[in-house]
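**Student:** Attaching a single structure in structure tokens format; questions to follow.
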Amino acid sequence: MTGTSKTTASLKVTLDSWESLFRAQVAVMRKISAMEEFNSLSMREYDVLFNLRFCPGGRSRLVDLNQNLLISQPSLSRMVTRLEDKGLITRESDPDDHRALLLSLTEKGLALQQEIGRQHAKHLHELLGDAMSEEEFREMQRLTGKLREAVA
């Protein structure tokens, strides 16, 4: 039991709710992946830039960055190489652990992340802004936060 719930949900309600959330995510992600801002950079690549931008100090070790992404460690390593080859991120030695590398955005990477982010925010609002009221969106944030806490 977590949060303010007094009883445990039934198996059927748990599964039906999960399926509903998952199907909604699939439908939304299909629309998002077709958005024009992801013509120059894939959604997964953008997600790496987005997460790096908001890491403490703007830097992250690969293993720590991977905690926020839905991608395997080997796939992320290959993606990091591609993003570095494009001049969007850099790697440097971690002063606290010389075996590890710290990743950070280059100026070019930051500019691209901000450009795509502005377009993405606008397009997301156009796609989803009328789907629910502001109160419903806040409730969705509360409920999805509760789910994240339950599995953390």
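The sequence shown lines up with residues 1 to 152 when you count with full-length UniProt numbering.
Glycine included, each C-beta is placed from N, C-alpha and C at the ideal position.
(1) Please name the residue in Ser-42, Val-63, Phe-137 and Ser-72 whose C-alpha comes closest to that of Phe-112.
(2) Distance check for Leu-11 and Gly-57, CA to CA, integer angstroms please.
(3) Could you give the DSSP three-state label for Ile-32: helix, strand or coil?
(4) Less than 8 Å between the C-beta atoms of Arg-61 and Asp-94, yes or no?
(5) So, at 8 Å on beta carbons, what are the nonlocal neighbours of Val-80 in its own chain, with the 5 sequence-adjacent residues on each side left out?
(6) Just the Cα atoms here: how many angstroms apart are Leu-52 and Thr-14?
(7) With DSSP collapsed to three states, give me the class of Asp-130.
(8) By Cβ distance, which residues of its chain are closer than 8 Å to Gln-25, with the 5 residues on each side in sequence left out?
(9) By the DSSP assignment, the alpha helix (DSSP H) with Leu-83 in it spans what residues?
(10) I'd like to know whether the C-beta atoms of His-120 and Met-35 end up nearer to each other than 8 Å.
(11) Any idea what DSSP makes of Met-1, helix, strand or coil?
**Tutor:** Considering the structure as presented:
(1) The sequence position of residue 112 within the sequence shown is 112, counting from 1. Correcting the residue type first, residue 112 is Leu in the shown sequence and not Phe. If we check each option's Cα against that of Leu-112, Ser-42 comes out closest.
(2) Mapped onto the sequence shown, residue 57 falls at position 57. Mapped onto the sequence shown, residue 11 falls at position 11. C-alpha of Gly-57 to C-alpha of Leu-11: approximately 43 Å in a straight line.
(3) In the sequence shown, residue 32 corresponds to position 32, counting from 1. The answer is helix: DSSP assigns Ile-32 an H, G or I state.
(4) For the purposes of this step, residue 61 is identified with residue 61 of the sequence shown, where counting begins at 1. For the purposes of this step, residue 94 is identified with residue 94 of the sequence shown, where counting begins at 1. Taking a C-beta distance under 8 Å as the contact criterion, Arg-61 and Asp-94 qualify as a contact pair.
(5) Within the sequence shown, residue 80 is the residue found at index 80, counting from 1. Cβ neighbours of Val-80 within its own chain (closer than 8 Å, five residues either side excluded): Val-48, Leu-62, Ile-89, Arg-91 and Leu-103.
(6) As a first step, residue 52 must be located in the sequence shown, where it is residue number 52. As a first step, residue 14 must be located in the sequence shown, where it is residue number 14. Leu-52 and Thr-14: Cα-Cα distance of roughly 34 Å.
(7) Locating residue 130 in the sequence shown gives position 130, counting from the first residue. Three-state DSSP puts Asp-130 in coil, outside helix and strand.
(8) Position 25 of the sequence shown, counting from 1, holds the residue named residue 25. Excluding sequence neighbours, Gln-25 sits near nothing in its chain.
(9) Here the question's residue 83 lines up with position 83 in the sequence shown. In this chain, the alpha helix (DSSP H) harbouring Leu-83 covers 73-85.
(10) Along the sequence shown, read from residue 1 onward, the residue named residue 120 stands at position 120. Along the sequence shown, read from residue 1 onward, the residue named residue 35 stands at position 35. The beta carbons of His-120 and Met-35 sit closer together than 8 Å.
(11) Translated into positions along the sequence shown, residue 1 becomes position 1. Per-residue confidence for Met-1 stands at a pLDDT of 46, beneath the threshold of 50, marking its modelled position as unreliable; the derived number appears in the next sentence. In this structure, Met-1 counts as coil in the three-state DSSP scheme.
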